[in-house]
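Just so we're aligned: the sequence shown equals residues 742 to 1232 in this note's numbering. Data block below; observations after.
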Amino acid sequence: MNWEVIIPLLVFLVIIFFIGIWSSRKGAKVSGGDFLQDYFLGGRELGGFVLAMTMVATYGSASSFLGGPGTAYTMGFGWVLLAMSQIVTGYFVLMILGKKFAIMARRYQALTLVDFLKARYNSGPVVILSAAAIIIFLFSAMAAQWIGGARLVESLTGMSYHAALFIFAISVLVYVTIGGFRAVAVTDAVQGAVMVVGTMVLLAGVIIAGGGVTNIINDLISENPNLVTPFGADGNLGKAYVSSFWILVGVGVVGLPQIAVRSMSYKSSKSMHRALIIGTVVTGVIMLNMHLIGVFARPIIPGIDVGDKVIPLIAMDVLPAWLAGIVLAAPMAAIMSTVDSLLILVSSTVVKDVYLNYIKPDASIKAIKRASFGVTAVLGIIVYILALDPPDLLIFLNLFAFGGLEAAFIWPIVLGLYWSYANKYGAIASMITGIGSYIAIHFYNGANGNLFGVHTVTLPVLLSFIAFIIFSLIMKQEAYNYERIKKGEIA
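If you want it as structure tokens, here you go:
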């Protein structure tokens, strides 16, 4: 047990725990019907800095801090270029959703994405499809994060995987169950700051250990000139694939419920505008730094066979043990913040969208509180059980969840906001087409497969768009003809 590395991490976990307790006490002052709004949306009181950081911290995950740099270590600068498409994530989400989404969510008194879709389309099948998509795909995403957190603790401490998973699970469950969305948002702000500082310190350490950027680049060229090209170490990153990947991790993020719900939670337009700037800059700094670290680590520690281990290994190699412990709080922060956000989102889907809509609409506040705390804890336990037997490809488990959610939600959200002809028939057709085609193409081509040289998510997003337009227009015309028949205008 390397205590010089472990102690700073433990201090970090203790601080996060007390933030959760503080948030819980603040939330305890909220009474009556405001409990749900506070537990699931933080009372819609997020300022610009907290909003930006909670979006960045939620989006940054085990893939960004472990899997992404590990892939960059293997593929070179081509993967760094691909990853930088993520810079626009926060900008696109807040620009496309932003004010209109927040205004309509308040008008509908929507606390979750499914609330919004239910009010917009007035359809039970839309609610059921939405809840099912969130639960199925986010279980996959949550499992990936818990596995990433456990592997990080395991690599730092020498504990067994299962012991590391147990410690990580308890830490997350305690403060999420106690504090709700407000705890998640406030801890995300702290964790986002840790991520920025941690990545900058580690990048500086790696550059110094490698003898400077010029020396590192020369070493990469000597090993394989393709490592410094946009096409990957094996030349397999084609222009079409890289461009289409932008849909998955750039524009398509608008369709991720865990990100979209944050567009409901800010307190003013000024907060949103500030979050646009802060979120874009912070995402750029984190993504560029982490993926550069992955590439630059290759000449310093050659021969790493498991990509997920690159960041902890390089941190412990180039930094003093105590500083490595502090810096590695950054990937731990990313993983924990993503886990807590996904956990609270799935919990809100079960409690608000299923329990209150279909099981017990007249539940008392006390019953709702019990259900919220209980469901969050039970969901965490289920994900813990799923993570006991981890798969080999953590990054693709996470990207699978991203693609599935985007294929399901991007058009019902965007067209529901901006197209007056959008209706429930189009939304249902779009969701079924998107989810069905995505799963079929994904499993037909394999976890990292692609079709026609583009990423797996591309075709389902296109097909779901076409289905939405066609069915919305057809059913609108059918409804119009039916009204004319009733009036006797046509036979």
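We put the beta carbon where it would ideally sit given N, CA and C, even for glycine.
Straight-line Cα distance separating residue j from residue i
| i | j | result |
| --- | --- | --- |
| V1091 | F1143 | 20 angstroms |
| L1127 | M1073 | 20 angstroms |
| A1056 | A1070 | 11 angstroms |
| V938 | F1184 | 39 angstroms |
| F806 | H1014 | 27 angstroms |
| F907 | L1120 | 15 angstroms |
| P1102 | V947 | 56 angstroms |
| P810 | L1146 | 24 angstroms |
| Q850 | S1012 | 20 angstroms |
| G993 | I1151 | 7 angstroms |
| M1028 | Q827 | 8 angstroms |
| K1107 | W887 | 30 angstroms |
| A884 | G933 | 21 angstroms |
| M900 | G1066 | 16 angstroms |
| F753 | T1021 | 26 angstroms |
Which listed residue (the options) has its alpha carbon closest to that of residue i
| i | options | result |
| --- | --- | --- |
| N967 | Y1185, I1027, I1215, M816 | M816 |
| K1093 | I756, V954, G809, T853 | T853 |
| G973 | T812, L1146, N1139 | T812 |
| N1139 | D1130, T940, S881, N959 | S881 |
| M1216 | I962, A1163, V1047, R1015 | A1163 |
| L1129 | G1175, M1172, F909, I1176 | F909 |
| L823 | G1025, L750, F842, F1209 | G1025 |
| W987 | G839, K1165, T1174, M825 | M825 |
| L750 | A945, K1107, S896 | S896 |
| A981 | I1019, L1200, I756 | L1200 |
| A1112 | S864, V1087, D1049, V1124 | V1087 |
| L1158 | V829, I756, K841, K859 | K841 |
| E745 | P1131, I1019, L1064, W820 | L1064 |
| A930 | G865, I1045, Y832, V1023 | V1023 |
| G1194 | I760, G996, L978 | L978 |
| I1176 | K1165, A1208, W1160 | A1208 |
| L879 | S1213, V1124, V1202, N956 | V1124 |
| V829 | S1161, G991, V983, D960 | G991 |
N- and C-terminal bounds of the alpha helix (DSSP H) containing residue i
| i | result |
| --- | --- |
| M883 | 865 to 898 |
| D960 | 954 to 964 |
| V992 | Looking at the DSSP string, V992 is not in any alpha helix (DSSP H), and its letter there is neither H nor E. |
| F842 | 839 to 848 |
| M1028 | 1010 to 1041 |
| T812 | 809 to 816 |
| A851 | No alpha helix (DSSP H) holds A851; DSSP gives it neither H nor E. |
| S1113 | 1106 to 1128 |
| L1064 | 1062 to 1068 |
| M1057 | 1051 to 1059 |
Local Cβ density within 10 Å of residue i, reported as buried at 16 or more and exposed below that
| i | result |
| --- | --- |
| A683 | Residue 683 lies beyond the range of the chain shown here (742 to 1232); nothing can be said about it. |
| G953 | exposed |
| Y1099 | exposed |
| M836 | exposed |
| P998 | buried |
| D975 | exposed |
| N1030 | buried |
Contact under 8 angstroms by Cβ, residue i with residue j
| i | j | result |
| --- | --- | --- |
| V1198 | A1148 | yes |
| A1168 | V867 | yes |
| I1000 | V834 | yes |
| Y832 | L989 | no |
| L858 | P1043 | no |
| L1033 | L914 | no |
| T1174 | L1204 | yes |
Residue i: CB within 7 angstroms of a non-hydrogen atom of the ligand HEM
| i | result |
| --- | --- |
| I1154 | Among the components modelled here there is no ligand, and therefore nothing to report on the ligand HEM. |
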